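Protein sequences, first through last, are from chains A and B.
Going by the numbering used here, the residue at position 356 of the first sequence is 375; the numbering climbs one at a time, nothing skipped.
Going by the numbering used here, the residue at position 197 of the second sequence is 216; the numbering climbs one at a time, nothing skipped.
The beta-carbon is built from N, C-alpha and C at its ideal position, and this holds for glycine as well.
For clarity, every value in this text was computed on a predicted model and none was experimentally measured.
All remarks here apply to the structure that follows.
Number of protein chains: 2
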Amino acid sequence: MSLVILIEDESRMRSLLDIQKQLVPDLIHIMRKRYDLMQSIRYLQPVGRRALAQNLQTTERILRAEVDLLKDWGLIHVSPIGMSCTEEGLQLLSNMESMADELFGFSDLAIQLERLLHINKVIVVAGDMDVSEWGKKELGRVGAALLKLHAEEDDVIAITGGSTIAAVSEHLTPSPHFRGVQFVPGRGGLGEKVELQANTLASIFAAKTGAQYRLLHVPDRLGPDAVQSLMGEEQVSEVLQLLKRSRVIMHGIGDAVAMAKRRKYTDLEISELTELGAVGEAFGYYFNAAGEIVHRMPTIGITLDNVRQADVVLSLAGGSSKAKAIMSFAKQSCQTVLITDEGAARAIVGQFRQARHPDAQLL
Amino acid sequence: MSLVILIEDESRMRSLLDIQKQLVPDLIHIMRKRYDLMQSIRYLQPVGRRALAQNLQTTERILRAEVDLLKDWGLIHVSPIGMSCTEEGLQLLSNMESMADELFGFSDLAIQLERLLHINKVIVVAGDMDVSEWGKKELGRVGAALLKLHAEEDDVIAITGGSTIAAVSEHLTPSPHFRGVQFVPGRGGLGEKVELQANTLASIFAAKTGAQYRLLHVPDRLGPDAVQSLMGEEQVSEVLQLLKRSRVIMHGIGDAVAMAKRRKYTDLEISELTELGAVGEAFGYYFNAAGEIVHRMPTIGITLDNVRQADVVLSLAGGSSKAKAIMSFAKQSCQTVLITDEGAARAIVGQFRQARHPDAQLL
DNA sequence: TAGTCCGGGACACTTGGTGTCCCTGGTAAT
DNA sequence: ATTACCAGGGACACCAAGTGTCCCGGACTA
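Rendered as structure tokens:
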């Protein structure tokens, strides 16, 4: 019963938060800033403006505006000896602590991941795709927003297949940013369901955004000679040229075994893969935990070198089961933005914790 | 059990809202504006910018900024034939409907009350003082904020006693607005507990805000001759002069019978009061439902005429049981701002509904 | 007493929001 | 088919609010 309460409880607050995230998206950032400010004041009180500004890495004037507001709502008290929290402000802080994780935990997680994985930018959304459906929705929403953010006129944007990328397509809307854009599938068929294939998604992306698309018609599981002959095909080589100069790339990261099964590898092949230590997959490459390529799908399309040359690489993967896969792909160092969910993020942090000695508590 | 869920649920969302109201107070207004905008679009779709701007009483440009945002988050869709809600936007609207009452209902209530009671400005806060303790806290918080808002240097501010005004005192903080201000009790002792008397509160208000205060030392229950002689006292007449020119007045409104009981009226006197139809009390005056004065405490202090001459009258009363009392005092037409809570507000609206014929559904 | 902190005031500057206009394109009615 | 109207989008000048920066009077401390 208490579980029922918790779920109901969570869901209602979550839904309020969801609404606010859609209607007033920067709310959380503002709240976070004010919260940090209050906490700093509590910690340093009584403290002066200048010292505080330095502590919070901001300018004196901008801090002053915030302080004036907080003073007006009676959350802090200013006096000639410095600023301090009022009773009410302290109350507020303690009330927030119980919610801080849900409100801000994700950005903390994101910063942790940026450090642990050596990735420029990590975005963590709420939820866990392994557990709940709306986790994938949220990931799709944020992914779509970022794609729009980075897209520029006449760009070539390469995308891969997979259910995560499909989720993005549901949240795309037309925008002038997509004018003249061409969506190009990073790979031909990879033996998956058609609605999750890169070709299909490229056309959906184009339809939703009002952009153009190209298709890469190559069967999966090619023999080496077939690869050569297909490369000669004009239709194919043209697309490969486009992929080579794609400026933005959006792709999913898969769990090695799960992907292999989905692509109907034989049991023998799968056991070979696991023997090689494959844990992650992206663009048809399979990586081990060290990030080394241990296997490559026998087909043609975008190469890791192409990916490394792109300006923007949006990597999407969510769900705690994807933790190791994400970690293996992060080693490729061809990644500018990782978009993941809380479940995967916590699992990754957990992996790192486990890897260290138990006494390594700090940092 | 479902009740338990509801309460838990409510409280958690409420606490999030409370936090946001303290940390980002204008958030709700922004949400409300966007919500109205979305609803208008849904209602009028497909609709153009100019038509919409006219409908929403705003300029074209400012609406355009909002529309651009909503378009970017994918909540609305813009096309050459006009704007319309996307699937996601419709989803959001329906999600919000279940919460709209809690989020915005109060301002709607406030507008209704302004019309029904013919009061310039009504503010409705969440909760019901009769039911929950935090209702009074909220009322006090808002009351304190409004007092600070209206206070000006060297003002004379008259206040009365009562638990509601006492609640205000707990949320007062020093501010330059209160420089040179004098807090003056509107009445001497009225036979209540000392911590709720106007004298006590005046001193607390002064202490909390860093202002000055005066005291009005007159016993309650004076005979007519004692009144005359006291009026002659210099200490007393001086305070009465101050009261006469008080620019801001903050007072509570009481239920007639409850106040009489608290002031230890005899059963006979109380039944006389009820026979006279007394329902409301303020400043020691007792009013019937029509707003006529049916009884007056035999003591001296601020008069209704003084109140009518004030620039700002902040009337506070909360709890559904206060509905009739608030309505009776509203008839005095010496009121600029009424601060009440959801419970009282809904009860008042209910009273008006009941008073009409059942077929009077519109308006 | 001198130095160093405090908050608050002042002021110029810049940026972003805003009012206003026009343009092109699509739709619908003639 | 043509025309007239309304759609969204672009442009641009303008104003105000936010911002960087400096200084001042006061209080505490060494």
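Query	Result
Residue-level contact to chain A via CB, B/Gly154, 8 angstroms cutoff	no
C-beta contact flag for B/Phe197 and B/Thr219 at 8 angstroms	no
Stretch-stretch touch, CB-based, cutoff 8 angstroms, three pairs: the region 161 to 168 of chain A with the region 133 to 141 of chain A	no
Endpoints, the alpha helix (DSSP H) within which B/Arg198 is located	Careful: B/Arg198 lies outside any alpha helix (DSSP H) and carries neither H nor E.
Partners in chain A for B/Met118, counting only beta-carbon separations shorter than 9 angstroms	Arg31, Ser34, Leu35, Ile38
CB contact below 8 angstroms: A/Gln41 versus chain B	yes
Where A/Thr285 falls: helix, strand or coil (DSSP)	coil
Bridge partners - A/Glu300, DSSP secondary structure assignment	A/Gly273, A/Tyr305
Within 7 angstroms of chain B by C-beta, residues of the region 66 to 100 of chain A in sequence order	Trp92, Gly93, Leu94, His96
Amino acids of chain A, ordered along the chain, whose beta-carbon sits closer than 9 angstroms to that of B/His190	Gly93, Glu107
Neighbour flag for A/Pro243 against chain B, beta carbons, 8 angstroms	no
Close-in-space but distant-in-sequence residues of the same chain around A/Ser21 (CB under 6 angstroms, 5 per side omitted)	Here the model assigns A/Ser21 a pLDDT of 44, short of 50, so the residue's position is not dependable and the matter cannot be decided.
Three or more C-beta pairs below 8 angstroms linking the region 186 to 194 of chain B and the region 93 to 107 of chain A	yes
At least three beta-carbon pairs within less than 8 angstroms, the region 102 to 115 of chain A to the region 50 to 59 of chain A	yes
Straight-line Cα distance separating A/Val200 from A/Asp173	4 angstroms
Backbone secondary structure at A/Leu241 - three-state DSSP	coil
Identified DSSP bridge partners for A/Ala177	A/Val203, A/Ile268
Secondary structure of B/Lys343, DSSP reduced to three states	helix
Beta-carbon proximity list for B/Val144, same chain, < 6 angstroms, skipping 5 on both sides	Glu157, Leu158, Val161, Asp360
Burial state of A/Tyr284 (16 or more Cβ within 10 Å)	buried
Residue-level contact to chain B via CB, A/Pro44, 8 angstroms cutoff	yes
In DSSP terms, what B/Ser103 is bridged to	B/His96
Under 8 angstroms by beta carbon: chain B residues contacting A/Arg53	Leu42, Val43
CA-to-CA distance, B/Gly362 to B/Gln380, given in whole angstroms	A caution first: B/Gln380 carries a pLDDT of 44, below 50, which makes its placement in the model unreliable, though a value can still be read off. If I take the Cα positions, the gap works out to 22 angstroms.
Beta-carbon proximity of A/Met347 to A/Gly271, cut-off 8 angstroms	Sequence check: residue 347 of chain A is Ser here, not Met. Against a cut-off of 8 angstroms, the Cβ pair of A/Gly271 and A/Ser347 comes out as no contact.
Chain A residues whose Cβ lies nearer than 9 angstroms to that of B/Leu111	Asp37, Ile38, Gln41, Leu42
Backbone secondary structure at A/Arg233 - three-state DSSP	coil
Buried versus exposed, by CB contacts within 10 Å (16 or more), B/Lys212	exposed
Distance between beta carbons of B/Thr179 and B/Gly205, contact taken as under 8 angstroms	5 angstroms
Start-to-end residues for the alpha helix (DSSP H) that takes in B/Val187	182 to 188
8 angstroms CB neighbourhood of B/Gln373 in its chain, flanking five on each side removed	none
Residues of its chain near A/Asp147, where Cβ-Cβ distance is below 8 angstroms and the 5 sequence neighbours each way are ignored	Gly154, Gly337, Gly338, Ser339, Asp360, Glu361, Gly362, Ala363
Chain B residues whose Cβ lies nearer than 9 angstroms to that of A/Met269	By Cβ distance, chain B contributes nothing, its closest Cβ being about 16 angstroms from A/Met269, past 9 angstroms.
C-beta atoms of A/Lys263 and A/Asn325 nearer than 8 angstroms	yes
Short CB-CB distance (under 8 angstroms) between B/Ile223 and chain A	no
Spatial neighbours of A/Arg461 in its chain, beta-carbon cut-off 8 angstroms, leaving aside the 5 residues before and after	Residue 461 of chain A falls outside the range modelled here, since chain A spans only 20 to 382, and no answer is possible.
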